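Read through the structure below, which is laid out as structure tokens, and then see the notes.
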Amino acid sequence: MRYSRTFIPTVKEIPADAEVASHQLMIRAGLCRKVASGTYTYLPLGWRSLLKIIEIVREEMNRAGAQEIIVPSMQPLELWDRTGRSVDYGPTMFRFEDRHGRMNALGPTAEEVFTTMIAGEVKSYKQLPINLYQITPKFRDEFRPRFGAIRSREFIMKDAYSFDVDAEGLDKSYQAMYDAYCRIFKRCGLEYVIVEAESGEMGGSGSHQFTVPCESGEDTIVYAEDGSYAANLERAAVDPLPKEEADAAIPPAEEVHTPNVGTIEAVCGFLGSRPNDMIKTLIYSAGERTIAALVRGDHELNTEKLTQIIGGEHIDLAAELTIEEVTGAKVGFAGPMGIADKVSKMIIDHAVAAMAVGITGANKTDYHIKNVVPGRDFPLEGENVIVADIRFAGEGDTHNGKKLLFKKGIEVGQVFKLGTKYSAKLGAKFLDEQGHENPCIMGCYGIGVNRIFASAIELGNDSNGIIWPISIAPCEVIVTSVNQDDEQVARTAEDIYKQLLGNGIEVLLDDRVLRGGVKFKDADLLGIPIRVNVGQKSLADGNVEVKLRCESESSKINIRDATAKVVELVNKLKEQLKV
RNA sequence: CGGGGAGUAGCUCAGCUUGGCUAGAGCGCUGCGUUCGGGACGCAGAGGUCGCAAGUUCAAAUCUUGUCUCCCCGACCA
19 MRYSRTFIPT VKEIPADAEV ASHQLMIRAG LCRKVASGTY TYLPLGWRSL
69 LKIIEIVREE MNRAGAQEII VPSMQPLELW DRTGRSVDYG PTMFRFEDRH
119 GRMNALGPTA EEVFTTMIAG EVKSYKQLPI NLYQITPKFR DEFRPRFGAI
169 RSREFIMKDA YSFDVDAEGL DKSYQAMYDA YCRIFKRCGL EYVIVEAESG
219 EMGGSGSHQF TVPCESGEDT IVYAEDGSYA ANLERAAVDP LPKEEADAAI
269 PPAEEVHTPN VGTIEAVCGF LGSRPNDMIK TLIYSAGERT IAALVRGDHE
319 LNTEKLTQII GGEHIDLAAE LTIEEVTGAK VGFAGPMGIA DKVSKMIIDH
369 AVAAMAVGIT GANKTDYHIK NVVPGRDFPL EGENVIVADI RFAGEGDTHN
419 GKKLLFKKGI EVGQVFKLGT KYSAKLGAKF LDEQGHENPC IMGCYGIGVN
469 RIFASAIELG NDSNGIIWPI SIAPCEVIVT SVNQDDEQVA RTAEDIYKQL
519 LGNGIEVLLD DRVLRGGVKF KDADLLGIPI RVNVGQKSLA DGNVEVKLRC
569 ESESSKINIR DATAKVVELV NKLKEQLKV
């Protein structure tokens with residue numbers, strides 16, 4: 019590639035609407051341009067990087083026995099209705115009507131399409147297992163697209179779906195993907211951590227998340243100080259707190275008038291109490307059922323954990339009307355006393371059960387109750403009462419007695435054991451050896467290609483620009499002709515360029531007629547791992563300079579040895595990313 | 001969707017409070033010259049429906065209303 023003929027619009031100024039390093043550098047290095055919020059055009063160098071990531075993903079998926087296919091991004095909404103995910107995904111899914119009045123969706127993922135296809139073709143256990151994947155654009159109408167490629171509305175995702183005859187088969191398929199993911203991220207030069215994750219509305223029983231630790235990440239990973247445990251924030255399990263002992267006998271529960279103070283903060287201000295003296299009662303709807311969930315006033319309810327406990331059904335905060343119906347009071351005055359009979363389940367966080375005494379809503383508008391003793395004034399056990407871990411882990415929490423620490427990260431991939439949620443609903447069934455019909459046991463496995471791209475930049479950059487891992491850099495080497503209008507310099511640069519090409523190296527030749535300084539700045543901004551400077555200064559001694567982007571010093575190499583030396587360097591850098 | 005901020009040259013921004021003559025700067029771009037190893041300098045130029053639409057006014061980038069877009073902070077996910 020000749021720089022003079024390649025479309026690489028670099029920018030000196032920091033774009034006003036880019037916040038994080040990867041977003042700024044993507045724009046500045048001429049890798050991409052924004053079209054609209056959350057949608058980007060990838061320019062030649064950006065696309066080259068993405069293609070290299072895609073190729074690594076493809077190689078490892080194929081190696082793991084998965085087969086690449088491609089399914090439509092435009093999918094009939096009816097498929098999504100059949101699994102109920104049309105509702106669960108809600109407005110996050112782009113929908114539109116075609117000229118015949120059919121509703122369609124732009125695929126945010128593709129379980130339905132893959133599973134339906136398998137349902138039509140696979141009839142016998144002899145055809146299984148099978149693992150299919152695609153690498154295609156996905157569409158999600160996010161609440162808030164942000165951080166450039168980290169959270170966009172259209173992005174490239176590799177999604178794979180495995181179909182097995184039994185749980186053991188799924189375990190194997192899952193492990194193969196898990197291992198493939200480790201290879202993929204290693205080869206892409208990313209540091210990553212694997213944490214336990216919730217499968218959420220994907221359904222299913224097990225999940226791991228691959229996360230690149232960095233400040234601009236939107237995910238929080240939680241890990242034990244001794245490394246014995248790691249999970250994402252949605253999943254991270256916390257130990258129950260020790261039961262508090264009351265200093266003295268607690269007087270009977272007593273109603274207090276708290277006019278217009280419905281929030282924890284307001285009640286504390288009004289009664290002079292602390293948030294951790296409070297018991298929050300939240301009312302959720304799960305289909306037709308109503309759930310009461312109790313957490314301590316200073317804790318935050320984790321809806322993922324709650325979802326798991328009630329069996330995976332989609333839940334939402336109940337509508338105002340439902341809350342008033344259940345509690346008999348306006349929103350803000352719900353409490354646990356006497357409510358167990360009015361809801362289908364009452365779920366109590368461990369920390370609430372451990373309280374000696376607390377303040378709660380009175381289920382009566384403008385009233386709270388103090389001196390409420392869990393177990394005395396409301397049940398901690400019973401047919402529909404469960405004490406469980408339903409809050410987010412926080413500072414000071416432990417897991418198996420080990421202190422929990424928190425770190426930000428970018429989720430670049432996740433693997434799920436799905437089970438039969440989709441196969442059962444969509445009829446992906448097979449006959450086993452006994453002639454019995456069973457639904458396929460499924461797994462699904464996603465990788466965010468653009469997120470690998472963005473996190474590589476987040477991890478690899480300095481004040482001058484990007485520092486790419488060689489495996490996914492747009493080019494491996496840049497040959498900078500420092501004085502392009504000097505015939506000897508230009509010819510030498512050209513020679514080295516051609517020799518490197520001849521050795522199978524991906525090279526960008528900066529043959530532009532510009533001052534040296536400008537070219538150096540651009541080279542650093544682009545982040546190409548190896549730079550060869552060809553200029554009058556060193557040429558006078560028969561040398562060129564070779565410099566690694568990740569190091570500050572360059573070394574002089576005799577022109578005759580230059581190509582061999584660079585090839586050796588390329589191989590050395592690649593070697594470090596081999597698996 | 002709630003809360004905050006911003007839309008003026010390709011980019012980064014000033015001007016708006018207190019309406020007024022030809023709408024500005026830096027960077028970038030074009031031409032000429034001098035330069036030429038870490039984003040050079042001089043001269044000459046090109047480039048603007050001031051987001052859009054109404055309204056107020058003799059007069060609107062500036063005031064009013066509406067609207068669209070973008071960014072930041074919160075609930076979803078690759």
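Using the working numbering, you'd call the opening residue of the first sequence number 19 and step up by one each time. For glycine and all other residues, C-beta sits at the position ideal for the given N, C-alpha and C. A quick note: this is a predicted structure, and the numbers were derived from the prediction, not measured.
Who are the Cβ neighbours of residue i in its own chain at under 8 Å, not counting the five residues just before and after it?
i: E283; result: P293
i: E243; result: K420, K421, L422, L423
i: F288; result: T276, V279
i: G453; result: none
Find out if the Cβ-Cβ distance for the pair residue i, residue j is shorter than 7 Å.
i: V240; j: A255; result: no
i: S234; j: V38; result: yes
i: N482; j: D542; result: yes
i: S14; j: V552; result: Only positions 19 to 597 of the chain appear in the structure, and residue 14 is not among them; the question remains open.
i: L324; j: A304; result: no
i: M460; j: L477; result: no
i: L61; j: C50; result: yes
i: L146; j: V183; result: yes
i: I327; j: A406; result: yes
i: V370; j: I309; result: no
i: F112; j: F157; result: yes
For residue i, report the span of its beta strand (DSSP E) as first-last.
i: C286; result: No beta strand (DSSP E) contains C286, which is instead part of the alpha helix (DSSP H) from 282-289.
i: F114; result: 112-115
i: T299; result: 297-304
i: C50; result: 50-54
i: H226; result: 224-231
i: N250; result: 248-250
i: R46; result: Looking at the DSSP string, R46 is not in any beta strand (DSSP E); the run it does join, the alpha helix (DSSP H), is 39-46.
i: Y151; result: 148-157
Taking the alpha-carbon positions, what's the residue i to residue j distance?
i: N561; j: A508; result: 14 Å
i: N386; j: E306; result: Here the sequence assigns His to residue 386, which means Asn is not the residue at that position. If you take the alpha carbons of H386 and E306, they lie about 28 Å apart.
i: V29; j: T59; result: 16 Å
i: P354; j: G379; result: 8 Å
i: M135; j: L97; result: 11 Å
i: Q72; j: I153; result: Reading the sequence as shown, one finds Ile at residue 72 and not Gln. Their backbone Cα atoms lie some 8 Å apart in a straight line.
i: E172; j: T57; result: 6 Å
i: K651; j: G393; result: This structure gives no information on residue 651, because the portion of the chain shown stretches from 19 to 597.
i: M79; j: K348; result: 54 Å
i: I74; j: F165; result: 24 Å
i: T606; j: I32; result: The displayed coordinates of the chain run from 19 to 597. Any statement about residue 606 would go beyond what the structure contains.
i: I88; j: R205; result: 24 Å
i: D189; j: D35; result: 44 Å
i: E77; j: S570; result: 34 Å
i: D579; j: P90; result: 51 Å
i: I174; j: G534; result: 37 Å
i: I212; j: I202; result: 13 Å
Starting from the C-beta of residue i, find all residues in its chain whose C-beta is less than 6 Å away, skip the five residues before and the five after it, and write them out in chain order.
i: E429; result: Q227, T229, D237
i: I268; result: V375, N389, V391
i: R20; result: L527, D529
i: T510; result: V552
i: K360; result: V344
i: E273; result: A380, Y385, I387
i: S291; result: I377
i: V53; result: T59
Give the range of the alpha helix (DSSP H) segment to which residue i is assigned.
i: R164; result: That residue, R164, is in no alpha helix (DSSP H); it is neither H nor E in DSSP.
i: I514; result: 505-520
i: D540; result: 534-544
i: A369; result: 368-371
i: L557; result: 554-557
i: N589; result: 577-594
i: C200; result: 185-205
i: Y107; result: 103-107
Please go through the same chain and pick out, in chain order, the residues whose beta-carbon is closer than 7 Å to the beta-carbon of residue i, but skip the five residues on each side of it.
i: R397; result: At residue 397 the sequence reads Pro, which differs from the Arg that was named. Only A358, V403 meet the Cβ criterion.
i: N320; result: E252, I408, R409, F410
i: K583; result: V564, I575
i: F114; result: N122
**OP:** Would you check if the region 520-537 and the region 462-474 touch, i.e. whether three or more CB-CB distances between them fall below 8 Å?
**Re:** When C-beta atoms of the region 462-474 are compared with those of the region 520-537, fewer than three pairs fall below 8 Å, so the two segments do not count as touching.
Original post:
Three or more C-beta pairs closer than 8 Å, one from the region 128-138 and one from the region 429-440: is that the case here?
Top reply: The region 128-138 vs the region 429-440: in contact.
**OP:** Check whether the region 456-467 touches the region 476-496, taking contact to mean three or more Cβ pairs, one atom from each stretch, closer than 8 Å.
**Re:** With a cut-off of 8 Å, the region 476-496 and the region 456-467 do not count as touching, because too few Cβ pairs lie within range.
**OP:** Take every Cβ of the region 137-151, pair it with every Cβ of the region 92-112, and state whether three or more of those distances are shorter than 8 Å.
**Re:** No, the region 137-151 is not in contact with the region 92-112.
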